[in-house]
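Novice:
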Amino acid sequence: RFIASVEAIIHEWKLTSVKPVEPLKEGELSTGCWETSAEDIKFASFSFKITRHYLAGSTKCGDDGESLEDEPAPFVLEDMMNLGNDFPPRAHYLVRWYGLRDFLVISPSSDEEAISNEDKTRLLVSSVCVALTNSKCPLPVFVQLHHPQERLCYGVCLGSGLTTYFDMVHLSHVPQACSNLSGLLSLFKSKLSYSSQLNLPPIQLTIRFTYLINDWSFYIWPHPPPDVKDGFFDMENLKLGKLPFGALEDPIGEMQLSVTWPSIPEDIIVDNDVYSDLCPANAPKWSVRMRWNENPHCLMEEYLGNFAVVCNMRESLDDVLKNMVLEDDLPAKTEILDALDRLAQPNPLSFRLPQMPQCLSNIYKKTRKFKWLESYVVCCPTFFLFFMWVHATHPCPSPAQAGLEQGCVVIWSYREEYESFHSLKTTHTNSLLWRLALAAVHVYHTCGGIEALAQLWVKVVAEIRYYWENNLTLPR
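Counted the way my numbering counts, the sequence shown spans residues 6 to 481.
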């Protein structure tokens with residue numbers, strides 16, 4: 006029944022006459038687009054999943070009835086001999102080890118049904134051989150053993166009278182003979198009976214050493230976190246014209262340095278217990294790969310991410326201010342204040358005060374009072390108001406403008422990002438809107454969230470009203 010299920014899936018996916026479109030190009034296994042398709046099958050009472058991994062557009066499926074008089078050798082053998090796709094940086098581990106473009110993997114549906122018995126493994130592989138023989142499928146099929154993180158598979162490929170087995174061995178300790186290139190070559194030649202043949206060309210080798218750095222405990226991250234309470238409101242240290250930038254932790258989780266000797270014959274390099282030509286500093290090809298930590302704590306991301314929440318808020322200014330006030334249940338105090346107002350008439354002011362916003366007028370009519378916030382929360386909007394109404398000076402060139410003046414060219418590689426920028430609006434440096442945006446971000450992040458931002462907006466509206474009623478020009 007298991008063999009019949011595998012054959013049915015092979016015929017359903019039309020894998021009986023898979024052909025390569027063209028030979029693999031250099032680096033195609035890592036730069037191409039990979040696709041998968043999967044089906045569930047059963048072996049006795051155990052559930053398995055058969056998955057096809059293939060490079061999109063590199064193979065084509067013929068008709069099931071198509072037959073060839075001379076069956077060609079599987080193209081898998083040609084792909085394995087391709088030296089232009091050694092060590093692809095981003096690929097399935099079977100692709101990295103064997104250089105395959107199209108293959109099948111049979112794996113248990115759950116970790117509890119992991120294959121750990123050798124007899125069961127042989128039975129599965131032999132059943133796969135029968136299914137491949139009956140269906141004449143040229144693709145290799147692998148059976149996953151143990152847990153997926155161990156990356157242990159046994160595979161087989163049939164075609165043109167050839168049977169290729171893909172066997173793996175996990176060693177707890179590396180034998181001394183396999184710790185250098187000479188020992189590995191001797192083992193490889195003994196498996197192929199290479200030493201019994203004469204006048205054979207030298208074996209082509211591709212060698213890579215990879216060094217990992219994932220422990221940064223000996224290095225202190227040089228970017229200290231900002232101390233809001235220490236000197237934040239010191240006018241000498243107040244930098245309201247800038248947003249904090251940088252990460253509070255190292256965003257790099259791991260760095261991989263790989264040195265490679267690509268496609269060299271065995272007779273020009275020596276590596277044994279006594280001497281070795283494989284000095285990493287002399288490798289002709291170096292490559293560095295970074296693995297980034299997920300969601301590192303970044304200052305500007307925190308500022309802008311928190312402020313972006315305001316764009317999705319549906320509360321009006323009136324609703325926010327209502328949440329900041331408390332009912333006054335002291336009628337006696339109100340009567341005393343009314344009596345004092347009747348006795349002492351206020352003197353006329355030398356200038357006209359701006360009218361209060363409608364939301365504040367309604368609040369005072371209902372005899373409410375504002376909640377007392379912390380002192381720095383009350384003072385902060387005032388500081389930012391002073392910052393906003395400083396008269397504009399000549400704008401300083403931003404780092405981006407300085408880079409453009411030096412001939413730097415910014416190229417947008419993703420059209421989606423470019424199109425999203427159409428909805429952004431900006432203004433020149435040190436303008437009123439520029440200072441308002443910075444002040445709003447600082448107030449929202451540092452001074453109490455939406456309540457502090459509402460206070461700042463009330464002060465800004467009152468100041469703009471004062472400029473309007475007195476026929477004054479707003480600073481630009």
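For every residue, glycine included, the Cβ atom is placed at its ideal position computed from N, Cα and C.
Which whole-angstrom value describes the C-beta separation of residue 164 and residue 79, a residue pair presumed to lie in contact below a C-beta threshold of 8 Å?
Specialist: 4 Å
Novice: Does the stretch 273-285 come close enough to the stretch 176-195 to have 3 or more Cβ pairs within less than 8 Å?
Specialist: A contact exists between the stretch 273-285 and the stretch 176-195.
Novice: If we count the other Cβ atoms within 10 Å of its Cβ and call it buried at 16 or more, is residue 58 buried or exposed?
Specialist: buried
Novice: Determine the closest residue to residue 107 out of 88, 26, 430 and 175, with distance taken between C-alpha atoms.
Specialist: 26
Novice: Name, in chain order, the residues that DSSP records as bridge partners for residue 24.
Specialist: 65
Novice: Alpha carbon to alpha carbon, how far is residue 448 from residue 454? Give it in angstroms, no decimals.
Specialist: Each residue's Cα considered, the two are about 7 Å apart.
Novice: What number of angstroms, rounded off, separates the C-alpha of residue 293 from the C-alpha of residue 247?
Specialist: 34 Å
Novice: By Cβ distance, which residues of its chain are closer than 7 Å to residue 130, with the 5 residues on each side in sequence left out?
Specialist: 148, 159 and 161
Novice: Tell me the rounded alpha-carbon separation between residue 150 and residue 269.
Specialist: 34 Å
Novice: If distances are taken between C-alpha atoms only, which option among 182, 258, 445 and 183 comes closest to residue 309?
Specialist: 445
Novice: Could you give the DSSP three-state label for residue 285: helix, strand or coil?
Specialist: helix
Novice: How big is the Cα-Cα spacing for residue 173 and residue 157?
Specialist: 7 Å
Novice: Got a sec? Which residues, its chain only, sit under 8 Å from residue 121 by beta carbon, not counting five neighbours each side?
Specialist: 150 and 151
Novice: Would you kindly report the start and end of the unbroken beta strand (DSSP E) that includes residue 473?
Specialist: No beta strand (DSSP E) contains residue 473, which is instead part of the alpha helix (DSSP H) from 455-474.
Novice: My assumption, with CB atoms under 8 Å, is that residue 112 sits in contact with residue 53. Please give the rounded CB distance.
Specialist: 7 Å
Novice: Which class does residue 447 belong to by DSSP, given the choice of helix, strand or coil?
Specialist: Three-state DSSP puts residue 447 in a helix.
Novice: State the Cα-Cα distance for the pair residue 168 and residue 210, rounded to the nearest angstrom.
Specialist: 24 Å
Novice: Near residue 285, which residues of its chain fall below 7 Å by C-beta distance, leaving aside the five closest residues on each side in sequence?
Specialist: 214 and 264
Novice: Go ahead and label residue 282 buried or exposed: buried means 16 or more other beta carbons lie within 10 angstroms of its beta carbon, across all protein chains shown.
Specialist: Residue 282 should be labelled exposed.
Novice: According to the neighbour-count rule (16 or more other Cβ atoms, all chains shown, within 10 Å of its Cβ), is residue 45 buried or exposed?
Specialist: exposed
Novice: For residue 113, does the three-state DSSP call read helix, strand or coil?
Specialist: strand
Novice: Under DSSP, the beta strand (DSSP E) around residue 210 begins and ends at which residues?
Specialist: It spans 209-218 - the beta strand (DSSP E) in which residue 210 sits, taken as one unbroken run.
Novice: Just to confirm the assignment: which complete beta strand (DSSP E) runs, minimum length 3, are found wholly within the stretch 81-145?
Specialist: 107-113
Novice: For residue 158, which residues does DSSP report across the bridge?
Specialist: Residue 158 pairs with 149.
Novice: Find out if the Cβ-Cβ distance for the pair residue 144, residue 87 is shorter than 7 Å.
Specialist: no
Novice: Whole angstroms is fine: what's the gap from residue 155's alpha carbon to residue 135's?
Specialist: 27 Å
Novice: Which value, in whole angstroms, describes the spacing of the CA atoms of residue 7 and residue 124?
Specialist: 16 Å
Novice: Can you check DSSP and say which residues form a bridge with residue 442?
Specialist: Answer is none; residue 442 lacks a bridge partner.
Novice: Buried or exposed: where does residue 220 fall if 16 or more other Cβ atoms within 10 Å of its Cβ makes it buried?
Specialist: exposed
Novice: Using a Cβ-Cβ cutoff of less than 8 Å, which residues in the same chain neighbour residue 250 once the five nearest sequence positions on both sides are dropped?
Specialist: 304 and 305
Novice: Using a Cβ-Cβ cutoff of less than 6 Å, which residues in the same chain neighbour residue 140 once the five nearest sequence positions on both sides are dropped?
Specialist: 12, 15 and 21
Novice: For residue 58, write down the residues that DSSP places opposite it in a beta bridge.
Specialist: 41 and 108
Novice: With 16 as the cutoff for other CB atoms within 10 Å, does residue 104 come out buried or exposed?
Specialist: Residue 104 should be labelled buried.
Novice: Mind reading off the beta-carbon distance from residue 311 to residue 450? Whole number of angstroms is fine, and I expect it under 8 Å.
Specialist: 6 Å
Novice: Would residue 35 and residue 93 be called neighbours here (beta carbons separated by less than 7 Å)?
Specialist: yes
Novice: Note the first and the last residue of the continuous alpha helix (DSSP H) segment covering residue 305.
Specialist: Unbroken alpha helix (DSSP H) run through residue 305: 304-313.
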